[in-house]
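Each number in this note's numbering comes from the position in the sequence shown (counting from 1) with 280 added on.
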Amino acid sequence: MKTLLLITTVLLAQISAAQNIQGKIVYRATPDLEDYLKNAKTDSTLTEIQRAAMIENGEASVPLNFELLFKDNESIFRSEEDMETLRRKGLLMNQTGFLGGYQYLYYTNLDNQEKIYQYFFTKEVLVSTADVEWELTKETKKIGNYQCYKAIADLGTRKIHGMSPQEPIIAWYTPEIPVSFGIQYFQGLPGLTLELSANYDAGQIYFQAIEIVLNGKKEINIKRPKGKKVTEEKYLSLIEKLNSARRRN
């Protein structure tokens, strides 16, 4: 309770502080697919087509860049290159992109606490996401010139785009950049997230900030995506029904 109260208090102060900050953060997403590939090669429940697809996606994986754009109290997190560009490069199907969420656009508004994402193939739908509950620790490290603090989120049985977390999510944030924006779903810390690691049944992913531009000369404009808003629970239920129908056919 004290941790949640602390986060709430700090975030209220940050909403005011964020009014005069705009920025662009580039993150390099790097996968660790050793366990994922081992499972693909040994799981007897997989069909040969499924096994071949998993191995192909894993072996085709390379580090990819994602970007966080924010201005005032709004932010967008997305792949640095859109899906069409990745398609032309032959990188459309790879496990780094799947783990990193390259087919999603994430939007956050601190004023009204709106957190939504839009899937590339269902752009007419905006999916509303629940808050992430963080445990703040006193553990620190330097990332570049910034003093960062470790935060932990245990998602329990909650899935991220159909992936089951195998361990708690680990984030490193810096209060020296007083905005609570972050990576994918993982917003709401008392400072900007500079690193994040997640271990899913589909593989491990590690995000690290490689470029930080604050209040640069180029104006940043954040546009809220358009579409009909639904709850995440309803959306995932719909996707599961569609997938089930596709498997039957």
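Every residue gets a Cβ at the ideal spot worked out from N, C-alpha and C, and that includes glycine.
When burial is assigned at 16 or more other CB atoms within 10 Å of the CB, is residue i buried or exposed?
i	result
leucine 522	exposed
isoleucine 490	exposed
threonine 288	In this predicted model, threonine 288 has a pLDDT of only 41, less than 50, meaning its place in the structure is not dependable; the value taken from the coordinates is given anyway. Under this definition threonine 288 is an exposed residue.
glycine 483	buried
glutamine 330	exposed
phenylalanine 401	exposed
leucine 275	In the structure displayed, the chain extends from 281 to 529; residue 275 sits before or after that span and is not available.
glycine 381	buried
leucine 292	Confidence at leucine 292 is low in this model, with a pLDDT of 44, below 50, so the placement of that residue should be treated as unreliable; the coordinate-derived value is given next. With fewer than 16 other Cβ atoms within 10 Å, it is exposed.
serine 444	exposed
leucine 285	Confidence at leucine 285 is low in this model, with a pLDDT of 41, below 50, so its placement is unreliable and the value that follows should be read with caution. Looking at its Cβ environment, which holds fewer than 16 other Cβ atoms inside 10 Å, leucine 285 is exposed.
arginine 367	exposed
glycine 442	exposed
Report yes if the CB atom of residue i is closer than 8 Å to the CB atom of residue j, and no otherwise.
i	j	result
alanine 309	phenylalanine 346	yes
methionine 373	alanine 340	yes
asparagine 425	glutamine 375	no
tyrosine 387	isoleucine 396	yes
threonine 417	tyrosine 399	no
glycine 471	isoleucine 449	no
glycine 507	lysine 421	no
isoleucine 423	proline 311	no
glutamate 512	serine 408	yes
threonine 454	glutamine 488	no
Comparing alpha-carbon positions, which option in the options lies nearest residue i?
i	options	result
aspartate 411	Glu456, Leu366, Phe461, Phe400	Phe461
asparagine 479	Pro455, Ala433, Ile423	Ala433
isoleucine 440	Glu404, Leu366, Tyr515	Tyr515
phenylalanine 378	Val342, Ile449, Lys506	Val342
leucine 406	Glu354, Thr322, Asn300, Lys509	Lys509
tryptophan 452	Ile463, Leu476, Leu435, Gly442	Leu476
threonine 481	Gly303, Arg438, Trp414	Per the sequence presented here, residue 481 reads as aspartate, with threonine not at that position. Checked all of Gly303, Arg438, Trp414; the closest Cα to aspartate 481 is Arg438.
asparagine 300	Ala333, Ala431, Val459	Val459
glutamate 360	Leu344, Gly442, Arg367	Leu344
leucine 435	Tyr307, Thr325, Glu415	Glu415
Comparing the C-beta of residue i with each C-beta of chain B, is any distance below 8 Å?
i	result
asparagine 300	Looking at the structure shown, chain B is missing, and only one protein chain is on hand.
**At least 3 beta-carbon pairs within less than 8 Å: the segment 386-400 vs the segment 488-498** = No, the segment 386-400 does not touch the segment 488-498.
**Message:** Give the list of continuous alpha helix (DSSP H) stretches no shorter than 4 residues that lie fully inside the segment 295-345.
**Reply:** 314-322, 328-339
**Asked** Are at least three pairs of beta-carbons, each pair with one atom in the segment 497-517 and one in the segment 464-481, less than 8 Å apart?
**Response** No contact exists between the segment 497-517 and the segment 464-481.
**Message:** Using 8 Å as the cut-off, can you tell me whether the segment 347-366 makes contact with the segment 311-320, which would need three or more C-beta pairs spanning the two stretches below that distance?
**Reply:** no
**Request:** List in chain order: all unbroken beta strand (DSSP E) runs of 3+ residues lying wholly within the segment 396-452.
**Result:** Counting only runs of 3 or more, we get 405-408, 415-423, 426-433.
**Message:** Could you tell me which whole alpha helix (DSSP H) segments of length 4 or greater appear in the segment 344-390?
**Reply:** Unbroken alpha helix (DSSP H) stretches of 4 residues or longer found wholly inside the segment 344-390: 363-368, 375-380, given in chain order.
**Request:** For the segment 444-528, list the beta strand (DSSP E) runs that are entirely contained and at least 3 residues long, ordered along the chain.
**Result:** 449-454, 472-480, 483-494, 508-511
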